[in-house]
Amino acid sequence: MTTELQSRKLDKAFGHLDIDGNGHVDHVDVVALGSRLLAGFGEEPTNAKGQDVINGLETFWQTLLSAIDLDGDRRVSPHEWRAGMTSAFIEDRARFEAALRPAAEAVIRLADTDGDGVVAREEFHTLQHAFGTPAHEIDQAFTRLDTDGSGTVTVDELVAAAREFYTSDDPHSGGNWLFGPV
Ligand SMILES: [Ca+2]
Ligand SMILES: [Ca+2]
Ligand SMILES: [Ca+2]
-16 MTTELQSRKL DKAFGHLDID GNGHVDHVDV VALGSRLLAG FGEEPTNAKG QDVINGLETF
44 WQTLLSAIDL DGDRRVSPHE WRAGMTSAFI EDRARFEAAL RPAAEAVIRL ADTDGDGVVA
104 REEFHTLQHA FGTPAHEIDQ AFTRLDTDGS GTVTVDELVA AAREFYTSDD PHSGGNWLFG
164 PV
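At position 67 of the sequence shown the residue is numbered 50 (the numbering used here), and the sequence of numbers has no breaks.
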């Protein structure tokens, strides 16, 4: 079961992943997202950080296909996404930990360009830009996530926010704001 809030978050995430906007998520979209992220941070696919992102997204994609591509056409429709994300990743936390968390971690570590464990507002903008989040929504997201107003958010906080974004049904969860208002 998903709540209305979870459905809205899943719809938003689908929009991020459907990079070419053709109404389906397929391998081309996932590769394009990886390229955008790497280009945004000036990383090469051959660097350790870049490779982690590519590998993380690829594992996520393969898991998506095996878990939620019900009609086997190697692309994920909005219907497959909604139904499948709920059963495969929200209700099955082990699969979330195995396939989505590593991708999220790799992407967030990419945004921590100096490797000090915190992501600054600027870096957060670059990260969100790759997902197509509008600038004013990025600012709203960062302000919500930076709970102590220090101007930075830790990598751990962002990973926790990503998990909350995808799985939490709590309307007060800070992670709901990962990609701006939902
Ligand atoms: Ca697409
Ligand atoms: Ca399909
Ligand atoms: Ca940093």
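Note that CB positions come from ideal geometry on N, CA and C, so glycine has one too.
ASP99 counts as exposed, since fewer than 16 other beta carbons sit within 10 angstroms of its beta carbon. Annotation: the continuous alpha helix (DSSP H) that includes THR150 extends over 138 to 150. Around the C-beta of SER49, fewer than 16 other C-beta atoms lie within 10 Å, and the residue is accordingly described as exposed. Taking 8 Å as the upper bound for CB-CB distance, GLY157 and GLU147 are in contact here, some 7 Å apart. Within the chosen limit of 6 Å, ligand 3 reaches the beta carbon of VAL101 through at least one heavy atom. The C-beta distance from GLY115 to HIS(-1) rounds to 6 Å, short enough to meet the 8 Å contact threshold. Around the beta-carbon of LEU53, fewer than 16 other beta-carbon atoms lie within 10 Å, marking it exposed. In this structure, ARG65 is the residue among ARG65, PHE107 and VAL165 with its C-alpha nearest to the C-alpha of VAL8.
Rounded to whole angstroms, ARG19 and GLU(-13) show a C-alpha spacing of 30 Å. Here ALA103 is bridged, per DSSP, to THR135.
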